[in-house]
Amino acid sequence: MNARPSIAVVRAALALLLTGAVLAFGFSANNYLLQAGTTLAMSAVLCLAWNIVGGFMGYPSFATAAFFGLGAYIGGIAQDAGAWLGLAWLAAAVGGAVFAASLGSVLLGLRGHYFAIGTIAVVEVMREVANNWEGLTGGAVGINIPIVPGSPREVGIFFYLVMWGLAAITFALTAFIAKSKFGFSLRCIRQNENAARMVGIDVFRAKCAAFILSGLIVSTAGSIYASMVAFIEPKDVFNVLLSIEIPVMVMLGGAGTIAGPLVGAILYIFLKEVVWVNFINFHTAILGIIIITVIYVVPRGVLRLFQGPAWSKMSARLLRPSRADRAP
Amino acid sequence: MTEPALRLEGLTRRFGGVTAVDNVSVSIPKGEIVGLVGPNGAGKTTLVNLVTGFVPKTAGQVFFEGTDVTRLPPHLIARNGIARTFQIVQPFAEMTVLENVMAGALFAGQRGTMREADAKARHFLEFVGLDRFADYSASELSLADRKRLELAKSLAMEPRLLFLDEVNAGLNSSEIDNALELIRKVSRMGVTIIIIEHVLRIVLSLVKRLIVLHHGAMLSDGPPAEVLKDAAVIKAYLGTKFGKRHEAEFHQQQEKYQQELKSDRGTNE
Amino acid sequence: MIAQYIANGLLIGSLYACLAVGFSLIYGVLNIINVMHGSFVVLGAYVTIYCTLYLGVSPLIAAMIGCAVLFAFGYLVQRHLINEVVTAPIFISFTLTFGLDLLLNNAMIQAFTATPRSLILNYGSITIFNVSLSIARLGAMVLALVLTGLLYWLLRHSQMGRAIIAVRMDHYAARLLGIRVEHIYAITFGIGALMAAAAGAAMAVVFPITPLLSGVFLGKAFVICVLGGLGSVPGALVGGLALGLLESFGAVVFGSQWSTTVGFALMILVLVVRPSGLVGRKGFE
Amino acid sequence: MANPISKCTLPLLLGGILILGSTGLIRAADPIRIGAPLSLTGSLADEGGKEQQGLDMCIAAVNAKGGVKVGADMRKLEAVKYDYQSETSRAVQIVQRLLTVDKVDFLFAPYGSGDTKATAVLAERYNIPMVATSAASEAVYDQKGKNLFGILFPNNAMVQTEVKYYKERVPQAKKLAVFALNSLFPKAIAAALRDTAAKDGFEVVFDGLYSQGTLDFANALTQIKAGNPDWLYATGYIQELIVIRRQMDNLGMTIPIVTMTAGAAYPEFEQNLGPLSNNVTTNAWWHPSATYKDSYIFGGAEQYTATFKEKYKKEPTYLEAAATAGCEVLVQSVEKAGSTDPEAVRKQLSTLKFETFYGPIQFGPSGQNAINSPMILQIQNGKYAVLDPQAVKTGELKVGVGTK
């Protein structure tokens, strides 16, 4: 009877607590930690966005860096053209969505590894295009973007809050999707596309929708990043490593779940910071060890990516109305 | 006169050299239960795949209640009111039994909200007698129950035409009887049913009309009595030797069926 | 001029083929995308270089040593690390090998430093119909082609080869036939690593090697295998030569800075219009 | 699953991280601290390593003579190093950290023009002097910052000297081919050379770019060969330059003058090419055979080279030397200023003229070293010979690369 309300209460409490923590950290931390916090928020956004396609829908996408870089460049170029911050970010969002739509309609026909490889290739191509299309992107030299005025501290806090804002929105969106018909159809698609068609799901449209949503979010994050660092170059924003790290974070937390991406991002970023600060020569190796450990030690979290009773049980709880409003 | 539920005109499908379905034309009135039979590899399942849009047609047309659905993609055909069960059951293995049926209710038929779908799903779970398994994961069910789940999922789509592809394969006789009982109940709801089987005995107890496919072509179409007398059918399908015995069986089945119909009416009144 | 371009393309193309064939084999049989492949190539190259420099053996012997070492390495890695996830979704094995690659590559940077090293064989070059060909590259090309051919032949005609093919087609059935599937997996992975080492040896003659090249090599392997058809050995050969020629003419038509991009672009195209690759038979999924 | 392994990996891993995490926090109170983001892994690992060695040379030498004299007391010199994995975003993060967590007194720039440019923004925000020891492109110093100081003098000075030199020595050379890596520094210097040469009457027969990770240059070279230039100017990282030289040989190309920069100035270039490297010319901002005197540390270039060889068992290149010099000018400015206050030190940096083993250094208005003379080197039978400036020259230009 009262199972559902109590869950809701707990959730609300958690949300408040988290928000409080984020704000408290933001205003107390030194600038470096502030930046680490911003990076964390950004990773969280990317993870949540990836989770829509990679987790809910079960399509192993490595396109993150492609959308991130695209957003960074659209935003950066727009700002250099004199566009106001918000406008530049909006442009990036729209650009990301449009690109996702065209890319998705081509790649989403592919299954499994072919899709994965295709998305990686897209990142490579886009980096080289950015490297060589001097007229637009300034080529390999990269482009300077107007620095946001204000003291390092103010600027730091500003971007910290913006990123976490975006993270919050994305999280809410994910939670909503997980409960919605749309999310339901994505889960059906992940398990059996034919059966999904058979029950009347417009598989292609659902897949495109998910891909567009994800791409839109990622490229927005990219544009915010661009205005934050004030200098971008192809090898930096079109970095395949990003495309791979994000899914790893999600797996760490548990793909296909609502909170997994967030948890994963937090754990991963924390480990990474600690590692590269303390192991000048071996951090990549240790990063590798972390990844390997994730796969061996938390296979539940990992394997849940493609078949997960845990996830469906949980969502079952979310989706089922309380006994009260069941048909007698 | 009212349009037939399903009308096929010269439906044909070739895979390379092989002709899996060969120029099939047939018309099935609303509310009938029709048996689609034939030896393995006769093209029964391909025919279903063609109608439900899973396999593109080489030639021919499909009319559902008078409207041409030849070119529609599977999900639209499903939304139009044609449901099917798969010969090899295809549940959403990661989902609970309830969610599986909800999937049917959400995207076809009334296409209600999550909550409505939930209620409807529970209704059909009760209908097929799976309600107590609602929260189990679909992968935990026995084969018989998975077939029922498949049926419940299709029913949740509130179809007006239902293909049952080998719903009885791999079930023991008591399970089969339950299944047949279910099918009758469904039929009584006014759903046109086309039941695909290769075990004749099973369909005979249900249908008043048999369609026999052989090498993709229509071999015979009509009341079981005639069809089973048809020498060609007996030769192609049963082999002369068993002809007599099956005829005998068939008469028993018919009587049994008549009885049941009577008793049903009794209850209805 | 055109003749020279074609020659250039084929020379590099045959190296590419050798580079990709191991990658393709592993994918075909284990259904694993081995991210470590690039590092395998580099490691093979280093073993070859060091054996030539410090053991003073002939490059060919050194190459063989390299192959042997990498075979053993590959066998063990598969048997004890990757086998755990061989049945898991491709994405997981991919991530695991990625992790292992980070480890391996960092280890190599520590062991060999990032300073480029190479096998110096200045055999000069010959000129036929004013098309000049480097002897060293020709050698590398021959080595690459011979090994690829040999592998193909072995798969077709040796006991082990048949076993591998059996496992590739249906590992359940293979297991029923009494084939030790784990063993075959490990052997296959070993062979994949061996081919990588061979490619590495050939590369060492042509390019200065650093651990940082592994990413480049992996990228090439990807493109080639998709072009030729993932998992097919002859496909790798065709794909390699195709990419060689493609980059060769891409460099002329668009300028060298585009030559790598052309490859990736074509790869996407092939993925979309013909996922089974230029010569691949089995469709995707 | 391999749980026996993994079960212990994780605790061990975490344990290790925690321990080292804590040690990371321990640091001495007194010394002057220079923050150095280094590219020790990733595509710039080689260059990053060199920069680190140069920095260590300076610190060792300074501390050997008791440290830095700040007013009354002597303070030790210390570097806070992080690896930025050759990734710009990482570099920016690390500089941020150096400034706010480690609160370093001064900054070293990361390797190369691109990353220096990216991080200079921060040095400006926090108003801390940053010394760039590997960025030569003017583009880097155009950001109107007053905190960025570049040891390497501008590309233009370099290319002007080169064009002038070859024009005098090889008057018959008319056709020029330029082939550059598509990256900030190589592109900049190639463009500068092309324009200068064109002005001085060279005909540019080929002007091409190549992207990083290119494995095969045969075709670009075939095209270059077709234009048969008298002077090939190729620029990029050492690997690519080595391959280019090899494939020139494969294609049987012979060109009077072949200049390769910057990679060709490193001994590895010769080691990887053997005889093929013969007669390849290169330019350097400094070279061991230089004879500059240094009153502050080492005493002069010769001694510096000797000390370096002894420590690292190899010849220093201009990269290491520039790093050492960069650290040295900082220290000297601190002593002059008598404090580590950024303002005071910056004042000294921008006004003083430093006499170092690396050569004279004086920072111009843009913050980039304005004097010091470019060096033109040629590999002659496996040895680097200095052709110019005449003051320190150890050999004469040999024309003809690839001629047997």
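If you're matching them up, the sequences are chains A, B, C and D in order. Numbered per this note's numbering, the first sequence spans residues 106 to 433. Numbered per this note's numbering, the second sequence spans residues 1134 to 1402. Numbered per this note's numbering, the third sequence spans residues 2 to 286. Numbered per this note's numbering, the fourth sequence spans residues 45 to 448. Note that the Cβ used here is the ideal one computed from N, Cα and C, for glycine as well.
C-alpha distance - residue 324 of chain D paired with residue 434 of chain D, whole-angstrom precision: 19 Å
Test item: CB-CB of residue 243 of chain A and residue 313 of chain A under 8 Å: no
Residues near residue 1154 of chain B in its chain [Cβ-Cβ closer than 7 Å; skip 5 each side]: 1144, 1145, 1146, 1176, 1179, 1180, 1183, 1349
contact_flag[the stretch 224-236 of chain D, the stretch 207-220 of chain C] where n(CB pairs < 8 Å) is 3 or more: no
Proximal residues of chain C, C-beta to C-beta of residue 445 of chain A below 8 Å: Coverage of chain A is limited to positions 106 through 433, which leaves residue 445 of chain A absent and any answer about it impossible.
Cut-off 7 Å between Cβ atoms - residues of its own chain near residue 46 of chain C, not counting five sequence neighbours on either side: 201, 202, 204, 205, 210
Range of the contiguous alpha helix (DSSP H) that encloses residue 1256 of chain B: 1247-1261
First through last residue of the beta strand (DSSP E) which encompasses residue 238 of chain A: Taken as a continuous stretch (DSSP letters only), residue 238 of chain A belongs to no beta strand (DSSP E), as it is neither H nor E.
Own chain, CB closer than 7 Å to residue 224 of chain C, minus 5 neighbours either side, in chain order: 244, 264, 265, 268
At least 3 beta-carbon pairs within less than 8 Å: the stretch 205-225 of chain D vs the stretch 301-310 of chain D: yes
Host alpha helix (DSSP H) of residue 1317 of chain B (start-end): 1306-1321
Backbone CA spacing between residue 100 of chain C and residue 70 of chain C [nearest angstrom]: 21 Å
Any C-beta of chain A under 8 Å from that of residue 453 of chain D: The structure shown does not extend to residue 453 of chain D, since chain D spans only 45 to 448, so no value can be given for it.
Within-8 Å CB hit, residue 117 of chain C to chain D: yes
Proximity winner among B:1253, B:1256, B:1305, B:1220, relative to residue 1299 of chain B (alpha-carbon distances): B:1220
Chain C contact for residue 165 of chain A (CB, 8 Å cutoff): yes
DSSP-derived helix/strand/coil call for residue 1196 of chain B: strand
Sufficient close CB pairs (3 or more, under 8 Å) joining the stretch 306-322 of chain A to the stretch 108-125 of chain D: no
Cβ pair residue 181 of chain D, residue 234 of chain D closer than 8 Å: no
Contact set between residue 367 of chain D and chain A, taken where Cβ atoms lie within less than 8 Å: By Cβ distance, chain A contributes nothing, its closest Cβ being about 16 Å from residue 367 of chain D, past 8 Å.
Nonlocal neighbours in the same chain, by C-beta distance under 6 Å from residue 198 of chain C, ignoring five residues either side: 45, 67, 68, 71
Coarse secondary structure for residue 430 of chain D, derived from DSSP in three states: strand
Same chain only: Cβ atoms within 6 Å of residue 138 of chain D, ignoring 5 sequence neighbours per side: 81, 126, 128
CB contact flag (residue 1166 of chain B, residue 1137 of chain B, <8 Å): no
Segment contact, 8 Å Cβ cut-off, at least three pairs: the stretch 171-181 of chain A with the stretch 125-134 of chain A: no
Three CB pairs or more closer than 8 Å across the stretch 153-165 of chain A and the stretch 385-399 of chain A: no
For residue 355 of chain A, the nearest candidate out of C:96, C:238, C:275 (CA to CA): C:96
The stretch 97-116 of chain C / the stretch 71-84 of chain C touching (three or more Cβ pairs under 8 Å): yes
Contact set for residue 115 of chain A: own chain, Cβ-Cβ below 6 Å, skip 5 residues either direction: none
Assigned secondary structure, residue 1351 of chain B (DSSP; H/G/I helix, E/B strand, else coil): strand
Contact belief for residue 1228 of chain B with residue 292 of chain A at Cβ below 8 Å, rounded distance in angstroms: 7 Å
Between the CA atoms of residue 34 of chain C and residue 74 of chain C - distance to the nearest angstrom: 17 Å
Beta-carbon spacing of residue 126 of chain C, residue 413 of chain D below 8 Å: no
Residue 1187 of chain B beta carbon less than 8 Å from that of residue 1207 of chain B: yes
Contact set between residue 217 of chain C and chain D, taken where Cβ atoms lie within less than 7 Å: 257, 259
Three-state class that DSSP yields for residue 330 of chain D in the structure shown: coil
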